[in-house]
Amino acid sequence: MTIITWILISLIGVVLLVPAGMILYLMISDERQEEHAVLRNFPILGKMRYILEKIGPEMRQYLFSNDLEGKPFSRNEYQQTVISGKYKSRMLGFGSERDFEREGYYIRNTLFPIQRDELRVDQSEKITSMIYKIDKDNLFRRKEHREQEEVDPFLLKEEDSPIIGKDTCRYPFKVRSLIGQSAMSYGSLGEKAITALSTGLALAKGTWMNTGEGGLSKHHLKGGVDIICQIGPGLFGVRTKDGEFSWEEFKKKSDLEQVKAFELKLAQGAKTRGGHVDGSKVTPEIANIRNVEPYQSIDSPNRFKEFGTNEEMLDFIDQLREVGGKPVGIKLVVGNTDDVERLASYMASSGKHPDFITVDGGEGGTGASYHELASSTGIPIKSALPFVHDTLVRYGVRDKVKLFASGKLLTPDKIALALGLGADFVNIARGLMFSIGCIQAQVCHTNNCPVGVATTDEKLQKALIVEEKSFRVCNYMLSLREGLYNLSAAAGVDCPTKLSREHIVYRDKDGQLHPIKPETELPMHS
0 MTIITWILIS LIGVVLLVPA GMILYLMISD ERQEEHAVLR NFPILGKMRY ILEKIGPEMR
60 QYLFSNDLEG KPFSRNEYQQ TVISGKYKSR MLGFGSERDF EREGYYIRNT LFPIQRDELR
120 VDQSEKITSM IYKIDKDNLF RRKEHREQEE VDPFLLKEED SPIIGKDTCR YPFKVRSLIG
180 QSAMSYGSLG EKAITALSTG LALAKGTWMN TGEGGLSKHH LKGGVDIICQ IGPGLFGVRT
240 KDGEFSWEEF KKKSDLEQVK AFELKLAQGA KTRGGHVDGS KVTPEIANIR NVEPYQSIDS
300 PNRFKEFGTN EEMLDFIDQL REVGGKPVGI KLVVGNTDDV ERLASYMASS GKHPDFITVD
360 GGEGGTGASY HELASSTGIP IKSALPFVHD TLVRYGVRDK VKLFASGKLL TPDKIALALG
420 LGADFVNIAR GLMFSIGCIQ AQVCHTNNCP VGVATTDEKL QKALIVEEKS FRVCNYMLSL
480 REGLYNLSAA AGVDCPTKLS REHIVYRDKD GQLHPIKPET ELPMHS
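Rendered as structure tokens:
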């Protein structure tokens, strides 16, 4: 035989024997293992079950689920957000995919809508952004480029801008937009994600960034955006090493000009207990900010130990306002409605109140929670929000408290509905995560986010380009505002601050229309 023949025989032997050897090894391993019954009876073949189970979510997301089926967000909702951030567009062709046979809320458009030049909107400060343009888009090739554009900010006029803490604080917070970022902690998200959000929101002007309960970091401050500093039961960022509240640290935060308000987090929609951060996410920098040990999992207490009653909580809020001079609010999840009644009652009788209440629906998201809490506790936002609003009205204290709403409100129509149901402002978290690259991998709790958003792993964060994503955040925010003004005009009001229950109708499963009772018709509490 020639050398070439021997080489060919050797190669064929390797090609056949090596796979056969690997299969034999796996077969013996599967038969001997005691963990998986299916593998003991069906070695090798049984592995296909686990492979398909592993890739099932991706297969459903991209191939099998229709545009409206996906959870927590459908393909349509996800794409709307991504497209508005990348191309600053909300256009569609042919018609909506909404199931109009099902019950749901609708905006009541008027016969004579407001003209664009009649809208009360401030477009004086143009914003320079980068917007993608598609050059070619077919099955085998996609080519696009970015262009710099001067775009309208869609800010509220100064005289229409709501003021938080107007009569209670030395430094009230005037807000030029009704939409901002919901609480997302540094630690739950990585520093690149936080920086991209801070930079993009600052570029959009007039909005805010909530730090989440993880505390204020330099990454939150990088963009120059207004900050709402959240304080959770773990007191991260305002605590001593022993876990006690530190007035010194609180004063340091309140002295920062960028910090416009504080929020005491009693609960959030996906976890009506304290937060959890896996130890792999707790880098030395995050541990230093939170004043905890690095690389150890963090579980916040279920509630604040500083107060346990409405009286104690409102006294604590008064102290925070006095020391910091900034507005102070609370974040809650409606569950036991009697609790909300008692809070409103005490506010009415005592004259004490928070400057704002953030109502988070049970459908809200999280970096990490337990199935039983995320799926079974907390009333959804469309029921919780009007209940809180109505309760405050009944006790005569609604005018003293601003309401923020959060819970999957990531498109202009959902924002308009929330404003009509009683909100003054709307917080968004996951929509902004989509803008910086989130693909709904749903591994936020593992530190293995494949796009570098919900991870502190430096290698994974290389995927996230801060400069590029910051423009997407800006475009998404501007697109939301423009869409909200479009809906306001259709409803016959010249400013989104004027949206109310008279602009909403509910269609039941039988096709009957139910106007939402205006708050002015609610009975006052005796």
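The sequence shown maps to residues 0 to 525 in numbering that gives the first Met the number 0.
By construction, the Cβ of each residue, glycine as well, lies at the ideal position given by its N, Cα and C atoms.
- Here the C-alpha atom of D398 lies approximately 8 Å from the C-alpha atom of L391.
- When rounded, the separation of the alpha-carbon atoms in C168 and P326 is 6 Å.
- With contacts defined as CB atoms closer than 8 Å, A440 and V396 fail to qualify as a contacting pair.
- Per DSSP, reduced to three states, the secondary structure at N301 is coil, with no helix or strand assignment.
- By alpha-carbon distance to K401, the top candidate from P171, R119, L154, E33 is P171.
- When C-beta atoms of the stretch 317 to 331 are compared with those of the stretch 277 to 287, fewer than three pairs fall below 8 Å, so the two segments do not count as touching.
- In terms of Cα proximity to E501, the closest of E148, Y104, Y24, G214 is Y104.
- Distance from the CA atom of S487 to the CA atom of I178, rounded to whole angstroms, is 15 Å.
- Within the same chain, T210, L215, K252, V258, F261 come within 6 Å of C228 by CB-CB distance, once the 5 residues on both sides are set aside.
- About 30 Å separates the beta carbons of G164 and I285, which is beyond the 8 Å limit, so they are not a contact pair.
- Taking all protein chains shown into account, N290 has 16 or more neighbouring C-beta atoms within 10 Å of its C-beta and is therefore buried.
- For V492, same chain residues with a beta-carbon under 8 Å away, outside a window of 5 residues either side, are I113, L498, H502 in chain order.
- Inter-residue distance for E143 and I133 is about 4 Å (C-alpha atoms, whole angstroms).
- With 16 or more neighbouring CB atoms inside 10 Å of its own CB, S128 falls in the buried class.
- Note that the stretch 292 to 301 does not touch the stretch 146 to 156; fewer than 3 beta-carbon pairs, one per stretch, sit closer than 8 Å.
- Relative to the Cα of I82, the nearest Cα in the group I22, D359, R471 belongs to R471.
- The C-alpha of H35 lies about 28 Å from the C-alpha of C448.
- For G233, the three-state secondary structure derived from DSSP is coil.
- In the DSSP assignment, V150 is bridged to I126.
- Scanning its chain for C-beta atoms nearer than 6 Å, with the 5 sequence neighbours on each side dropped, one finds around M183 the residues G211, A428, in chain order.
- Across the structure, F433 and G350 are spaced so that their CA atoms are roughly 42 Å apart.
- In the three-state scheme derived from DSSP, where H, G and I count as helix and E and B as strand, H352 is classed as coil.
- Per DSSP, the continuous beta strand (DSSP E) segment holding Q180 begins and ends at 178 to 180.
- Rounded to whole angstroms, D98 and I414 show a C-alpha spacing of 19 Å.
- Judged by DSSP secondary structure, V387 falls outside any beta strand (DSSP E) and instead within the alpha helix (DSSP H) spanning 380 to 393.
- Note on A19: under 16 other CB atoms within 10 angstroms of its CB, so exposed under the neighbour-count rule.
- Counting only residues of its own chain and dropping the five nearest sequence neighbours on each side, K407 has a CB closer than 6 Å to the CB of E362.
- The three-state reading of DSSP puts L512 in strand, counting E and B together.
- Note on E76: 16 or more other CB atoms within 10 angstroms of its CB, so buried under the neighbour-count rule.
- Here M90 is exposed: its Cβ has fewer than 16 other Cβ atoms, across all protein chains shown, within 10 Å.
- Annotation: Y505 is outside any alpha helix (DSSP H); the continuous beta strand (DSSP E) that includes it extends over 503 to 506.
- Take G419, set aside five residues on each side of it, and the residues of its chain with a beta-carbon closer than 7 Å to its own are L498, S499, R500, H502, I503, in chain order.
- Here V224 is buried: its Cβ has 16 or more other Cβ atoms, across all protein chains shown, within 10 Å.
- For the pair of segments examined, the stretch 229 to 238 was found not to touch the stretch 195 to 205: the number of CB pairs separated by less than 8 Å stays below three.
- Taking the Cα of N40 as reference, the smallest distance to any Cα among Y49, I50, M26 is reached at M26.
- As computed with DSSP, H144 is found in a beta bridge with K132.
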